[in-house]
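Below is one structure, written out as structure tokens, with a few remarks after it.
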Amino acid sequence: MDTIEQANQIFIENWGREVYYGRCIFLSWYCERGTCKFCFRSTIHHKVKHAKSAKRSMASILVEAVLAKKFGWNIEFLTGGYGIYPFAELLEIIQNVNKVIGKKVWVNLGAFTKEQLEQLKPYAEGICASIETAEENLHDEICPDKPIKPYSEMLKTAKEMGFKTSIAIIIGLGEKNTELLHNFIKEHQLDRITFYALKPVKGTIFENKQGPTTEYYTDWIAKTRIKFPKLEIIAGTTARRYKEAETLFRVGANAITKFPATKLFGTEQAQAVEEGAKKAERTFKGTLTKLPDIDWDKEVDSLELDSKLKEQLKEKLKQYLDSMENNIKNK
């Protein structure tokens, strides 16, 4: 039995056939660090375009939560805004997202202290750390101002406190083998992992390189699925890589993420992702292609939010829905 088929069988035995889309909600595109060598936030262009004051409005954050709930998407985590939001403001955002989706959310917002984790406990289901790679020498080279140790300690503390825990890593940075990653997963007793394929960014050291092939990328996922049958695996794909969705599901991914589902809702790319799940003999939870027939204003009115925020939310929602309807008409 080859690696793909082995991973496929292990997934079905442990998870059944349902897969989903995980929506990552950004709170800001600014980063206090801004020195990770693969990242668009490290480029001069990005630093000029996204000043430290560039926060998203509460309504623009919550509109994504409303759409996720009604389209049957899971919110992978809240992220972005490292070093930009006071902790009290982060808590308010998390609380409001909980009100919209009716349950606790995952967060990926830097290295929290134990005191901060205690304040997050009523509102966060899980804590994710974007460590990028589990190989320390490579990590120190690629992310010079973002050491692994504080994240490692946070994950262990969070696990002791009853949180679920996860990491996000990038394939294509120059990693050598799966052993160090698998040791990290085991040591930290992780519940979940998110894989991303490197997207070479202009202005970074990777600008003249290719991202990983589908075969290389999915081999890491397959080997991780075989090693950890009960681990939830989320795999990033993009508007350029969407055709690999079928393979991502076949090698044992529970979900795909990073696909720009609001921007590409109802398009051929979105349809191809759903069809990829079908070809992989999976049942895709929710939709990337069909707008539900519901009274959106009524949905917003039912939320426990102040009236001014509700009006802002309705306005944002209309913008998103109009764009999605145009995609469907013009397909």
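In the working numbering, the protein residues as written are 129 to 459. All C-beta atoms in this analysis are idealised placements derived from N, C-alpha and C, irrespective of residue type, glycine included.
In the DSSP assignment, residue 141 falls within the alpha helix (DSSP H) that extends over 131–143. Beta bridge pairing from DSSP links residue 148 with 383. Judged by DSSP secondary structure, residue 242 falls within the alpha helix (DSSP H) whose first and last residues are 242–248. Excluding the 5 residues flanking it on each side, residue 410 has same chain C-beta neighbours closer than 6 Å at 145, 147 and 377, in chain order. The beta carbon of residue 142 lies closer than 8 Å to those of 357 and 358 in the same chain, with the five residues before and after it left out.
Of 448, 242 and 439, the smallest CA-CA separation from residue 282 is found for 242. For residue 363, DSSP records a beta bridge to 323 and 384.
For residue 205, the enclosing beta strand (DSSP E) stretches over residues 202–207. Taking every protein chain shown into account, the CB of residue 370 has 16 or more other CB atoms within 10 angstroms, so this residue is buried. Take residue 429, set aside five residues on each side of it, and the residues of its chain with a beta-carbon closer than 7 Å to its own are 438, in chain order. Burial is judged here by how many other beta carbons sit within 10 angstroms of a residue's own beta carbon; residue 216 has fewer than 16 and is exposed. Apart from sequence neighbours up to five positions away, the residues of its chain that approach residue 298 with a beta-carbon distance below 6 Å are 260, 324 and 326, ordered along the chain. Note that the C-beta distance between residue 339 and residue 380 is not below 8 Å. Residue 236 carries a strand assignment under DSSP once its states are collapsed to helix, strand and coil. Judged by DSSP secondary structure, residue 196 falls within the alpha helix (DSSP H) whose first and last residues are 186–199. Note on geometry: alpha-carbon atoms of residue 388 and residue 152 lie some 10 Å from one another.
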